[in-house]
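Engineer: To convert, note that position 86 of the sequence shown is 332 in our numbering; the numbers rise steadily by one, no gaps. Ideal Cβ placement from N, Cα and C applies to all residues, glycine included. From a predicted model like this one, the values you see are computed outputs, not experimental measurements.
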Amino acid sequence: TGDDDVQSASDVATSHVAGELDDSVRELQGDSQGIVKVATTHLAGMGTASYLFDKQLGDTWGTGIVPDFLRTILVVVVVLAALVWMLWSACYFVDFEELGLVLSRAEHAETLSWLIGVPILIAVCVVAGDVLGWYPLALGVVAVVGALISMYEIDVNRQVQEHPNYSTSCDLADRVSCTATMKTPSSTLVLGIRNSSIGLVFYITIIVCVLLRSITAVYFPVWLIFVLCFCAAIVSIYLLQLSLTVLHIVCPLCTGAHLVNFALLWLAWGHSESIRW
Numbered sequence: 247t248g249d250d251d252v253q254s255a256s257d258v259a260t261s262h263v264a265g266e267l268d269d270s271v272r273e274l275q276g277d278s279q280g281i282v283k284v285a286t287t288h289l290a291g292m293g294t295a296s297y298l299f300d301k302q303l304g305d306t307w308g309t310g311i312v313p314d315f316l317r318t319i320l321v322v323v324v325v326l327a328a329l330v331w332m333l334w335s336a337c338y339f340v341d342f343e344e345l346g347l348v349l350s351r352a353e354h355a356e357t358l359s360w361l362i363g364v365p366i367l368i369a370v371c372v373v374a375g376d377v378l379g380w381y382p383l384a385l386g387v388v389a390v391v392g393a394l395i396s397m398y399e400i401d402v403n404r405q406v407q408e409h410p411n412y413s414t415s416c417d418l419a420d421r422v423s424c425t426a427t428m429k430t431p432s433s434t435l436v437l438g439i440r441n442s443s444i445g446l447v448f449y450i451t452i453i454v455c456v457l458l459r460s461i462t463a464v465y466f467p468v469w470l471i472f473v474l475c476f477c478a479a480i481v482s483i484y485l486l487q488l489s490l491t492v493l494h495i496v497c498p499l500c501t502g503a504h505l506v507n508f509a510l511l512w513l514a515w516g517h518s519e520s521i522r523w
């Protein structure tokens, strides 16, 4: 009987210890799972933050100041503000009613067609670049448009120098005139070289860089395109401000070139953000 009591007590003690061990193991397993869960959540959070940073802020070689999802909104606001400022400034010295009557005449039908056609073509290129991802093609086409505008400006400059009373098809009014702008000192900003000549070199350089990027797939041409387009946009802003607030003359050809420069900067920015160096 004594042996049975000892055996029973031993079994009870063993069962009790085993139960406590099982409970301890379960607690440890629960704690371990909790620790793993917390660690996994923490790492996932860090991964998400890293992804957002890399994707939204650090996705480019230096433009990562503005998140990708704010780029379109920012540029649209800036463009609208610029258009309002330009129209507001031009209202002080341009008779838009007279300008409309001049453009409605048959002799200015060609001028009206390219005044409408060039912005539409540029808008199509911007959409093709941003929506379809055809950045090299869009950059090349817009640069070709800029080169054609510069070539025409060079020809007009030559005609104005040879014939002071020369008038071109984009001379629509006293204050809306290409030749009037080209007779001002602002038409030669650097070392007496015509802005149109510098512009032609700039657009040819953009075309060459686009071809180099397409052939070699190196990133340097894209970087150079962005830098050149940024500088061109700054010059365009300065010339627009000078034209609207100091000279009080609107040059249709120059305005077309400025539009090309802004479109090139937009496309160059988008192209650089589409490539992770």
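Is the beta carbon of W380 less than 7 Å from the beta carbon of A389?
Structural biologist: Not a contact, by the Cβ cut-off of 7 Å.
Engineer: Just curious, the alpha helix (DSSP H) that F508 is in, first and last residue?
Structural biologist: Its alpha helix (DSSP H) spans residues 498 to 519.
Engineer: From T462 to V468, what does the alpha carbon distance come to, in whole angstroms?
Structural biologist: Distance between the alpha carbons of T462 and V468: 11 Å.
Engineer: Classify T427: buried if its beta carbon has 16 or more other beta carbons within 10 angstroms, exposed otherwise.
Structural biologist: With 16 or more other Cβ atoms within 10 Å, it is buried.
Engineer: Does the beta-carbon of N411 have 16 or more other beta-carbons within 10 angstroms, so that it is buried, or is it exposed?
Structural biologist: Exposed, because fewer than 16 other Cβ atoms sit within 10 Å of the Cβ of N411.
Engineer: I'd like to know if the segment 477 to 497 and the segment 325 to 343 are in contact, where contact means that at least 3 CB-CB pairs between them fall below 8 Å.
Structural biologist: Contact holds: three or more Cβ-Cβ distances are below 8 Å.
Engineer: According to DSSP, is I439 helix, strand or coil?
Structural biologist: I439: strand per DSSP, three-state reduction.
Engineer: Of all the options A503, E343, H517, P498, which has the alpha carbon lying nearest to the alpha carbon of T414?
Structural biologist: Residue P498 is the option with its Cα nearest to T414.
Engineer: For V364 and T357, what's the separation of their Cα atoms in angstroms?
Structural biologist: The alpha-carbon atoms of V364 and T357 are separated by roughly 11 Å.
Engineer: Pull up the CB-CB distance for I480 and L385, whole angstroms please, since I reckon it's below 8 Å.
Structural biologist: Not confirmed; about 19 Å, so no contact.
Engineer: Does the beta-carbon distance from A514 to V372 come in below 7 Å?
Structural biologist: Cβ atoms of A514 and V372: not closer than 7 Å.
Engineer: Could you have a look at V372 and say whether DSSP puts it in helix, strand or coil?
Structural biologist: Correct three-state label for V372: helix.
Engineer: Should the segment 440 to 447 be regarded as contacting the segment 390 to 400, the criterion being three or more beta carbon pairs within less than 8 Å?
Structural biologist: Yes, since at least three Cβ pairs between the segment 440 to 447 and the segment 390 to 400 fall closer than 8 Å, the two stretches touch.
Engineer: Can you tell me which of the three DSSP states V447 falls into?
Structural biologist: Looking at V447 - three-state DSSP - the assignment turns out to be helix.
Engineer: Between which two residues does the alpha helix (DSSP H) holding W469 run?
Structural biologist: Unbroken alpha helix (DSSP H) run through W469: 466 to 488.
Engineer: Who are V422's beta bridge partners in DSSP?
Structural biologist: According to DSSP, V422 bridges with V496.
Engineer: Would you tell me roughly how many angstroms separate the C-alpha atoms of D305 and V456, rounded to the nearest one?
Structural biologist: Because the pLDDT at D305 is just 43, under 50, the model does not fix this residue reliably, and the value given afterwards should be weighed accordingly. Taking the straight line joining both Cα atoms gives about 21 Å.
Engineer: Under the assumption that I368 contacts L505 (Cβ atoms under 8 Å), give the Cβ distance between them as a whole number of angstroms.
Structural biologist: Confirmed, about 6 Å.
Engineer: The alpha helix (DSSP H) with A384 in it runs from where to where?
Structural biologist: Start and end: 381 to 408.
Engineer: Would you tell me roughly how many angstroms separate the C-alpha atoms of L344 and C500, rounded to the nearest one?
Structural biologist: In the sequence as presented, Leu is not what sits at residue 344; that position holds Glu. Cα to Cα, E344 sits roughly 21 Å from C500.
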